[in-house]
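Numbering (the working numbering), first residue to last: 6 to 167.
For reference, the structure is listed below as C-alpha coordinates.
Dropping the structure here:
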(Lines of atoms letter the chains of each structure in order from A and count residues from 1; the text may use other names and numbers.)
(Lines give C-alpha, C1' and ligand atoms only; values in the text may rest on other atoms or scores of the structure.)
Protein backbone atom coordinates (compact mmCIF):
# COMPACT_ATOMS: atom_id res chain seq x y z
CA UNK A 1 0.00 0.00 0.00
CA UNK A 2 1.54 3.33 -1.05
CA UNK A 3 -0.75 5.54 1.03
CA UNK A 4 -3.35 4.68 3.62
CA UNK A 5 -5.38 6.83 5.96
CA UNK A 6 -6.94 5.32 9.06
CA UNK A 7 -9.79 7.17 10.75
CA UNK A 8 -8.38 10.63 10.07
CA UNK A 9 -10.33 13.64 11.24
CA UNK A 10 -9.84 17.40 11.26
CA UNK A 11 -11.84 20.04 13.10
CA UNK A 12 -11.91 23.80 12.83
CA UNK A 13 -13.55 25.76 15.65
CA UNK A 14 -15.28 22.62 16.89
CA UNK A 15 -16.75 21.66 13.50
CA UNK A 16 -15.53 18.64 11.54
CA UNK A 17 -14.13 19.41 8.11
CA UNK A 18 -13.31 15.69 7.83
CA UNK A 19 -14.42 12.90 10.12
CA UNK A 20 -13.24 9.27 10.24
CA UNK A 21 -11.76 9.11 6.73
CA UNK A 22 -10.31 5.77 5.59
CA UNK A 23 -8.59 5.65 2.22
CA UNK A 24 -6.12 3.35 0.47
CA UNK A 25 -4.03 4.00 -2.60
CA UNK A 26 -1.72 1.56 -4.38
CA UNK A 27 1.15 2.67 -6.60
CA UNK A 28 -0.07 3.20 -10.17
CA UNK A 29 -3.69 3.85 -9.25
CA UNK A 30 -5.58 6.96 -10.29
CA UNK A 31 -8.32 8.38 -8.09
CA UNK A 32 -10.60 11.38 -8.44
CA UNK A 33 -11.43 13.58 -5.48
CA UNK A 34 -14.81 15.20 -6.05
CA UNK A 35 -17.36 16.99 -3.94
CA UNK A 36 -19.19 20.23 -3.40
CA UNK A 37 -17.56 23.34 -1.98
CA UNK A 38 -16.93 22.72 1.68
CA UNK A 39 -16.88 18.92 1.31
CA UNK A 40 -13.31 18.70 2.65
CA UNK A 41 -11.30 18.10 -0.54
CA UNK A 42 -8.74 20.81 0.20
CA UNK A 43 -8.58 19.84 3.86
CA UNK A 44 -7.77 16.23 2.92
CA UNK A 45 -5.04 17.38 0.54
CA UNK A 46 -3.57 19.66 3.21
CA UNK A 47 -3.58 16.80 5.72
CA UNK A 48 -1.85 14.47 3.25
CA UNK A 49 0.77 17.09 2.43
CA UNK A 50 1.54 18.16 5.98
CA UNK A 51 0.06 21.65 5.77
CA UNK A 52 -2.46 20.70 8.48
CA UNK A 53 -1.86 18.29 11.33
CA UNK A 54 -4.27 15.46 12.10
CA UNK A 55 -6.66 15.78 15.01
CA UNK A 56 -7.36 12.04 14.95
CA UNK A 57 -6.17 8.98 13.05
CA UNK A 58 -2.99 8.29 11.18
CA UNK A 59 -1.48 8.32 7.71
CA UNK A 60 0.69 5.41 6.57
CA UNK A 61 3.23 5.77 3.76
CA UNK A 62 4.45 2.48 2.28
CA UNK A 63 2.85 0.72 5.23
CA UNK A 64 4.80 2.75 7.77
CA UNK A 65 3.64 5.43 10.12
CA UNK A 66 6.60 7.73 9.82
CA UNK A 67 7.62 11.20 10.66
CA UNK A 68 6.36 12.88 7.51
CA UNK A 69 4.22 15.55 9.07
CA UNK A 70 5.43 18.71 7.33
CA UNK A 71 5.30 19.80 3.68
CA UNK A 72 9.10 19.46 3.42
CA UNK A 73 9.01 15.91 4.79
CA UNK A 74 6.11 14.95 2.49
CA UNK A 75 7.96 16.29 -0.55
CA UNK A 76 11.11 14.43 0.48
CA UNK A 77 9.29 11.07 0.32
CA UNK A 78 7.83 11.90 -3.11
CA UNK A 79 4.39 13.41 -2.44
CA UNK A 80 3.86 16.31 -4.84
CA UNK A 81 0.89 18.64 -5.23
CA UNK A 82 -0.17 20.81 -8.14
CA UNK A 83 -2.30 23.64 -6.80
CA UNK A 84 -4.88 25.68 -8.67
CA UNK A 85 -2.62 28.70 -8.27
CA UNK A 86 0.38 28.06 -10.47
CA UNK A 87 3.89 28.06 -9.05
CA UNK A 88 5.64 29.13 -12.23
CA UNK A 89 7.82 32.13 -12.99
CA UNK A 90 6.05 33.89 -15.89
CA UNK A 91 9.27 35.08 -17.59
CA UNK A 92 11.04 31.70 -17.32
CA UNK A 93 10.96 29.20 -20.16
CA UNK A 94 9.43 25.75 -19.77
CA UNK A 95 12.90 24.33 -19.12
CA UNK A 96 13.76 26.94 -16.49
CA UNK A 97 10.41 26.43 -14.74
CA UNK A 98 10.75 22.64 -14.85
CA UNK A 99 14.10 22.95 -13.10
CA UNK A 100 12.85 25.11 -10.24
CA UNK A 101 14.14 23.39 -7.12
CA UNK A 102 16.49 21.07 -9.01
CA UNK A 103 20.24 21.30 -9.37
CA UNK A 104 21.27 22.53 -12.80
CA UNK A 105 23.58 20.13 -14.62
CA UNK A 106 26.92 21.62 -15.57
CA UNK A 107 29.52 20.96 -18.21
CA UNK A 108 32.97 22.53 -18.04
CA UNK A 109 31.80 24.75 -15.19
CA UNK A 110 28.80 26.14 -17.10
CA UNK A 111 25.10 25.34 -16.99
CA UNK A 112 24.38 22.55 -19.47
CA UNK A 113 21.23 23.93 -21.05
CA UNK A 114 21.14 21.16 -23.66
CA UNK A 115 21.09 18.48 -20.94
CA UNK A 116 18.36 20.37 -19.11
CA UNK A 117 16.20 20.62 -22.21
CA UNK A 118 16.81 16.97 -23.02
CA UNK A 119 15.66 15.84 -19.56
CA UNK A 120 12.55 18.05 -19.67
CA UNK A 121 11.59 16.84 -23.13
CA UNK A 122 12.21 13.17 -22.22
CA UNK A 123 10.03 13.50 -19.13
CA UNK A 124 7.31 15.25 -21.15
CA UNK A 125 7.47 12.54 -23.84
CA UNK A 126 7.14 9.78 -21.20
CA UNK A 127 3.96 11.50 -20.04
CA UNK A 128 2.73 12.11 -23.60
CA UNK A 129 2.83 15.87 -22.95
CA UNK A 130 3.73 18.24 -25.77
CA UNK A 131 5.50 21.38 -24.60
CA UNK A 132 7.70 23.96 -26.26
CA UNK A 133 10.86 24.09 -24.12
CA UNK A 134 11.63 27.69 -25.12
CA UNK A 135 8.14 29.09 -24.50
CA UNK A 136 7.74 31.19 -21.36
CA UNK A 137 5.06 30.38 -18.80
CA UNK A 138 3.41 33.73 -19.61
CA UNK A 139 2.99 32.63 -23.24
CA UNK A 140 1.35 29.31 -22.28
CA UNK A 141 -2.35 28.60 -21.95
CA UNK A 142 -3.61 27.50 -18.51
CA UNK A 143 -3.73 23.81 -19.58
CA UNK A 144 -0.16 24.04 -20.90
CA UNK A 145 0.95 25.51 -17.55
CA UNK A 146 -0.70 22.61 -15.75
CA UNK A 147 1.09 20.16 -18.02
CA UNK A 148 4.39 21.91 -17.30
CA UNK A 149 3.75 21.60 -13.56
CA UNK A 150 3.09 17.87 -14.03
CA UNK A 151 6.39 17.51 -15.90
CA UNK A 152 8.20 19.40 -13.14
CA UNK A 153 6.61 17.23 -10.45
CA UNK A 154 7.65 14.04 -12.20
CA UNK A 155 11.23 15.32 -12.50
CA UNK A 156 11.35 15.55 -8.69
CA UNK A 157 11.13 11.80 -7.92
CA UNK A 158 7.36 11.92 -7.55
CA UNK A 159 5.69 8.85 -6.08
CA UNK A 160 2.26 10.41 -5.46
CA UNK A 161 0.91 13.33 -7.47
CA UNK A 162 -2.07 15.18 -6.07
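Where is the CB? At the ideal position from N, CA and C, for every residue including glycine.
Within the same chain, and ignoring the five residues on either side of residue 126 in sequence, the residues whose Cβ sits closer than 7 Å to its Cβ are 138. Assigned with DSSP and collapsed to three states, residue 79 falls in helix. It is roughly 20 Å from the alpha-carbon of residue 9 to the alpha-carbon of residue 87. Secondary structure at residue 140: coil, using DSSP grouped into helix, strand and coil. When the Cα atoms are used, residue 95 and residue 145 turn out to be separated by approximately 9 Å.
Three or more pairs of CB atoms, one per stretch, sit closer than 8 Å, so the region 46-62 contacts the region 12-22. In the structure shown, residue 111 adopts extended strand secondary structure according to DSSP, grouped into three states.
Comparing alpha-carbon positions, the option among 53, 160, 43, 42 lying closest to residue 123 turns out to be 160. The alpha-carbon of residue 105 is positioned some 26 Å away from that of residue 7. Under DSSP, residue 10 shares a beta bridge with 28, 64.
DSSP places residue 149 in the helix class (H, G or I) of the three-state scheme. One thing to note: residue 108 has its Cβ no nearer than 9 Å to the Cβ of residue 117.
Cβ-Cβ separation between residue 63 and residue 150: approximately 35 Å, too far for a contact (criterion under 8 Å). Collapsing the DSSP output to three states places residue 44 in coil.
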